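Structure first, commentary second.
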Amino acid sequence: MNDKLLITSATGKTGYAATLELLNGGHPVRIYVRSRNAKAIDLENRGAEIVIGLFDSYAQWRHALTGVKHVYYCYPMMKGLPENLPIFIEAAKDASIDTVVFMGQRIAEYADTGSLLTNDIRTAYRLLEQSGLNVIYFKPGYFADNAFVVTQFVLQLGLMANPFGSGKNPWISTGDLGRCIAALLKNPTPYVGQQLVPTGPKSISSFEMAAIFSSVSEQSVRTVPLPDWLFLKAGIKMGQEFGFDRFSIVQATFYNKQMRLNRFDTAPTDVVKRLTGREPEDFTTITRQYFDKSPYRIRRFSSWLLSLKKFMLLPFTPTPNAAGLAALNQ
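So the mapping is simple: this note's numbering equals the position in the sequence shown, first residue as 1, plus 716.
Here is the structure:
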């Protein structure tokens, strides 16, 4: 009989992908979500058990953890991880949870990123190491999903806004991340205590990304430098389309700087192949997936004009003042 598994943040990118992978394999899955939104209901219809709860409630954690053996803990993109993680740890120990797969960040090995979220993850590592729980530290770099927020402008205008400079990153697909997480939950024992860094098959620059965009879209795509002040405006203007709030956008400005410092560049690892038995998806394959499902894949004059107007209005988006921005990183 398969052990019951708990996926937190199951309506997020990796949680949703991991839940689908487990459900498709016939595994009993309970999802811990903050609301019954469309994605949660979709997972419920596919066989997942829903538990509604917050990350700061011991009682809700104990309810969610009852009868569960392994947990994927992915803290949402928000403040409060150092305060809320001890509540989970206490509940997990009281529930005799066997293993926790913790979503971390490879970039957290640097102490000077400036990102509150990354600093919180560094603190979380220490709390988990002291907890006595069996923990697997899952530490990817930049998700490929983040590279496709520019899809509309790429396909309609032939422009790829580039906040990354010449930095490189071995972009990894959401599908590969979900398959890795599912594999760890199904067979965690060999990996307890390990730090796993999943990557795509090759580290590439934004200029190589643009070349792939050109090849897949069969049209010329050129990069346009995107300074941080304009990235903030674009993020605030377009963030809701992709589920990013202002805190997330501010954190991303710090990660863009790390990209420009080339700190995301790393040699590809074999983690995806070891865990899933298949090679990681390359950036061309990932690009085809996103472009094929994009509502902007066909360029018409009306869609081109709307995209141009949207692009040209980005610099005029109001942003918080310096104090407001600082508050989003404190």
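Glycine included, every Cβ here is placed at the ideal spot set by N, Cα and C.
Here the structure is a predicted model, which is why all the values come from computation and not from measurement.
Proximity winner among the options, relative to residue i (alpha-carbon distances)
i     : options                  : result
L1070 : I823, I965, A898         : Nothing in the structure corresponds to residue 1070, since the chain is present only between 717 and 1046.
M704  : A898, I813, R1016, Q1005 : Lying before the first or after the last residue shown, residue 704 is absent from the chain, which here runs from 717 to 1046.
S725  : H779, H743, Y789         : Y789
H786  : Y841, P798, N903, N1045  : N903
L797  : G731, F958, T834         : T834
P941  : R976, S930, R962         : R976
Q776  : R762, R750, P943         : R750
I766  : N800, K720, P792, A811   : K720
L722  : V784, E934, S930         : V784
L901  : T815, Q846, R1013        : T815
D892  : R838, F963, P943, Y858   : Y858
F960  : R778, C896, P792, G993   : P792
G741  : K884, K973, T992, N850   : T992
T905  : T982, A877, C896, V851   : V851
C896  : D986, K755, E760         : D986
Q974  : R842, G830, R746         : G830
E845  : V817, D828, L871         : V817
P1036 : F963, L843, F923, R842   : F963
Spatial distance of residue i from residue j (CA atoms)
i     : j     : result
S882  : M794  : 29 Å
K953  : Q967  : 16 Å
S1019 : R990  : 43 Å
L781  : F804  : 10 Å
P856  : F1027 : 31 Å
T915  : Y907  : 17 Å
R938  : L875  : 5 Å
A1038 : P744  : 48 Å
G955  : Y748  : 24 Å
L736  : D772  : 26 Å
S936  : M925  : 12 Å
P802  : L832  : 18 Å
N753  : F854  : 26 Å
P943  : F970  : 12 Å
T982  : K884  : 8 Å
I837  : Q821  : 7 Å
S930  : N1045 : 36 Å
P879  : G951  : 11 Å
A877  : L871  : 12 Å
I770  : F1017 : One detail in the question is off: residue 770 reads as Leu in this sequence, not Ile. Answer to the nearest angstrom: the Cα atoms are 46 Å apart.
Other residues of its chain near residue i: CB distance less than 7 Å, five sequence neighbours each side excluded
i     : result
K918  : P886, P984, D998
I928  : F999, T1000, T1003
Y1006 : F864, T867
P1031 : L946, K949
L1024 : L873
F979  : Here the sequence assigns Arg to residue 979, which means Phe is not the residue at that position. So the qualifying residues of the chain are I823, Y826.
G763  : L739
K755  : T727, Y732
N972  : P879, F880, D944, F947
Per-residue burial, residue i [other beta carbons within 10 Å of its own, 16 or more giving buried]
i     : result
Y774  : exposed
L1029 : exposed
I888  : buried
P1034 : exposed
G894  : buried
F869  : buried
I757  : exposed
G1040 : exposed
L912  : buried
I1014 : exposed
Q910  : exposed
S933  : buried
S921  : buried
A1043 : exposed
A1011 : The residue you asked about is not Ala; residue 1011 is Pro in the sequence shown. When all chains shown are included, P1011 counts as exposed.
L1021 : exposed
Residues near residue i in its chain [Cβ-Cβ closer than 8 Å; skip 5 each side]
i    : result
G848 : K809
E995 : P917, V988, K989
R778 : A807, D810, A811
F958 : V865
Own chain partners of residue i with C-beta closer than 6 Å, once the 5 adjacent residues on each side are dropped
i    : result
T890 : K729, A733, D861
D839 : The residue you asked about is not Asp; residue 839 is Thr in the sequence shown. Result list for T839: P798, in chain order.
N761 : none
Chain B contact for residue i (CB, 8 Å cutoff)
i    : result
A877 : Annotation note: the requested chain B is absent from the structure, which comprises a single protein chain.
Minimum length 3: unbroken beta strand (DSSP E) runs contained in the stretch 869-952
875-878, 938-941
Runs of alpha helix (DSSP H) lying entirely within the stretch 967-1024, each at least 4 residues, in chain order:
987-992, 999-1009
Ranges of the beta strand (DSSP E) found wholly within the stretch 726-810, counting only runs of at least 3:
745-749, 765-768, 786-789
My parser needs the alpha helix (DSSP H) runs of 4 or more residues fully inside the stretch 824-852; what are they?
832-847
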